[in-house]
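Please read the structure below before turning to the comments.
Numbering (this note's numbering), first residue to last: 74 to 296.
Here it is as structure tokens:
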């Protein structure tokens with residue numbers, strides 16, 4: 074990959090998603106692009122870049138999506154979830170005790186572990202009569218599909234979950250586990266680019282957007 078090619082791709086990804094690709098990531102970028110090349114049937118990188126430069130929007134979207142990291146786990150950074158459970162949620166429940174409604178947004182849900190962790194936490198609270206809007210979005214359509222399916226391997230569920238958590242909130246499969254229908258009814262998923270308009274969102278009480286803004290430049294963070 075030439076320097077010109079890298080700069081072209083970096084500008085494209087930054088414009089479409091806000092993600093900043095730093096110099097020195099050329100080899101990593103080429104490995105990620107191989108996934109797109111196989112999906113669209115390109116014989117080499119030059120052919121892919123040619124179509125991108127011609128304004129192939131579907132291809133540009135696929136390239137942008139494949140740059141997202143999508144690394145996550147259940148109850149990742151356990152101390153933050155503990156603070157959410159012990160401090161933030163009780164305060165919000167007290168503040169909204171009249172209308173009995175909460176809206177929570179997992180803004181970059183990746184494979185879904187974060188939002189399912191939220192659902193498990195809320196499922197353990199006494200919220201009879203409450204309306205809980207639990208929204209999960211991601212720029213990647215493939216990530217959203219995985220999150221909606223709610224299927225995870227033995228390795229996935231052992232990262233952050235106790236045996237009790239798995240028994241209560243998952244159904245066993247031949248090759249792993251699936252999130253229970255009870256939790257699935259709690260979450261609404263939507264593909265969404267954080268660089269787009271937030272007009273479809275009403276007031277949100279909690280936004281989880283961890284390990285995302287660190288990949289944006291200052292202007293994108295401010296917007």
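Yeah, the Cβ is synthetic: ideal placement off N, Cα and C, and Gly gets one too.
Within 8 angstroms, strictly: CB atoms of residue i and residue j
i, j, result
"residue 168", "residue 216", "no"
"residue 264", "residue 223", "no"
"residue 177", "residue 140", "no"
"residue 235", "residue 243", "no"
"residue 185", "residue 151", "no"
"residue 147", "residue 189", "yes"
"residue 278", "residue 175", "yes"
"residue 135", "residue 109", "yes"
"residue 113", "residue 132", "yes"
"residue 214", "residue 149", "no"
"residue 268", "residue 95", "no"
"residue 115", "residue 99", "no"
"residue 173", "residue 197", "no"
Burial state of residue i, where buried means 16 or more other Cβ atoms lie within 10 Å
i, result
"residue 101", "exposed"
"residue 145", "buried"
"residue 228", "exposed"
"residue 84", "exposed"
Of the listed residues the options, nearest to residue i (C-alpha basis)
i, options, result
"residue 276", "229, 205, 195 and 89", "205"
"residue 238", "229, 124, 193 and 174", "193"
"residue 212", "272, 162 and 179", "179"
"residue 207", "133, 280 and 163", "280"
"residue 246", "226, 261 and 282", "226"
"residue 260", "202, 201 and 210", "210"
"residue 97", "130, 107 and 75", "75"
"residue 163", "86, 199, 111 and 103", "199"
Segment limits, alpha helix (DSSP H) that includes residue i
i, result
"residue 221", "214 to 222"
"residue 118", "118 to 126"
"residue 101", "99 to 113"
Segment limits, beta strand (DSSP E) that includes residue i
i, result
"residue 246", "243 to 246"
"residue 156", "Per DSSP, residue 156 belongs to no beta strand (DSSP E); it is in the alpha helix (DSSP H), 151 to 156."
"residue 194", "Where residue 194 is concerned, there is no enclosing beta strand (DSSP E), although the alpha helix (DSSP H) it sits in stretches over 186 to 196."
"residue 130", "Here residue 130 belongs to no beta strand (DSSP E); instead the alpha helix (DSSP H) covers 130 to 139."
Examine the Cβ distances between the region 156 to 174 and the region 109 to 120 and report whether three or more of them are shorter than 8 angstroms.
Flag = no, the region 156 to 174 and the region 109 to 120 do not touch.
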